[in-house]
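K.L.:
Each protein sequence line maps, in turn, to chains F and S. Residue 54 is where the first sequence starts when you use this note's numbering, and the numbers rise one by one after that. Residue 127 is where the second sequence starts when you use this note's numbering, and the numbers rise one by one after that. Note that the Cβ used here is the ideal one computed from N, Cα and C, for glycine as well. Computed from a predicted structure; not experimentally measured.
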Amino acid sequence: GQQVMQIPQYQHVQEGEDFTTYCNSSTTLSNIQWYKQRPGGHPVFLIQLVKSGEVKKQKRLTFQFGEAKKNSSLHITATQTTDVGTYFCAGKTSYDKVIFGPGTSLSVIP
Amino acid sequence: EADIYQTPRYLVIGTGKKITLECSQTMGHDKMYWYQQDPGMELHLIHYSYGVNSTEKGDLSSESTVSRIRTEHFPLTLESARPSHTSQYLCATSPGDEQFFGPGTRLTVL
Numbered sequence: 054g055q056q057v058m059q060i061p062q063y064q065h066v067q068e069g070e071d072f073t074t075y076c077n078s079s080t081t082l083s084n085i086q087w088y089k090q091r092p093g094g095h096p097v098f099l100i101q102l103v104k105s106g107e108v109k110k111q112k113r114l115t116f117q118f119g120e121a122k123k124n125s126s127l128h129i130t131a132t133q134t135t136d137v138g139t140y141f142c143a144g145k146t147s148y149d150k151v152i153f154g155p156g157t158s159l160s161v162i163p
Numbered sequence: 127e128a129d130i131y132q133t134p135r136y137l138v139i140g141t142g143k144k145i146t147l148e149c150s151q152t153m154g155h156d157k158m159y160w161y162q163q164d165p166g167m168e169l170h171l172i173h174y175s176y177g178v179n180s181t182e183k184g185d186l187s188s189e190s191t192v193s194r195i196r197t198e199h200f201p202l203t204l205e206s207a208r209p210s211h212t213s214q215y216l217c218a219t220s221p222g223d224e225q226f227f228g229p230g231t232r233l234t235v236l
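#1: Considering just the uninterrupted stretch of the beta strand (DSSP E) at H155/S, what are its terminal residues?
#2: Could you spell out where the beta strand (DSSP E) holding F200/S opens and where it closes?
#3: What residues from chain S crowd round G119/F, counting only those whose CB sits closer than 9 Å?
#4: With DSSP run on the structure shown, which of helix, strand or coil describes S83/F?
#5: Tell me, please, which residues DSSP counts as bridged to H65/F.
#6: In the DSSP output, what is A143/F paired with across the bridge?
#7: Of all the CB atoms in chain C, is at least one closer than 8 Å to the CB of E148/S?
#8: With distances taken between CB atoms, is the gap from Q64/F to T157/F smaller than 8 Å?
#9: Determine, using beta carbons only, whether T146/S and T203/S come nearer to each other than 8 Å.
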């Protein structure tokens, strides 16, 4: 079946270091969304990418959608302790379903 | 962000009890979802609805049922709770593809 995978599963970084999580789909996606879930909280929508090769920025966060619309990445520059949480990608498939990836858990060491 | 309410926020209940988890939204979104999530783990889709009188089962086999009689409400019912149902249940609503999550219900079945 259609799957959305994320790597790495866990990432521990020193505060100030950069962080990247990758999202890969087995099929072409119509769009992709990114969410952040703080420990003990609920997922919060961050952004949606629609176009092939699209790049969007939100302050220290950079989101990319691959040319083939099968992969995406989230890059955080100079991590802060407020970036701690689990980052999920979710892709919309050709069957009009949104499938969540398993998430990447980010820990930031002060 | 959409206004999504879930009650109760926390529930501890004995095995065999029937429970209903409430989810309501004030945004008039047609799409609503229920997810099960263990702490720090991935989201498992258990039910979804694309409008009134429309409900579908998700990817995770579940002994729960849902109803969508009104756009605003999407309650989830467990006919007979078991310890394996202990988890967090998240409700989400969507105007399109991006999803907005409620605060969740943390269920413990003894």
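P.N.:
Walking through what the data contain:
#1: Note, H155/S: premise wrong, no beta strand (DSSP E); not H, not E.
#2: Going by DSSP, F200/S is part of no beta strand (DSSP E) at all; its letter is neither H nor E.
#3: Chain order gives no chain S residues near G119/F, where near means a beta carbon separation below 9 Å; the closest approach is about 18 Å.
#4: In this structure, DSSP gives S83/F a state outside helix and strand, which the three-state scheme calls coil.
#5: Under DSSP, H65/F shares a beta bridge with S160/F.
#6: As computed with DSSP, A143/F is found in a beta bridge with Q86/F and F153/F.
#7: No chain C is part of this structure, whose protein chains are labelled F and S.
#8: The Cβ-Cβ distance between Q64/F and T157/F falls below 8 Å.
#9: Taking 8 Å as the Cβ cut-off, T146/S and T203/S qualify as a contacting pair.
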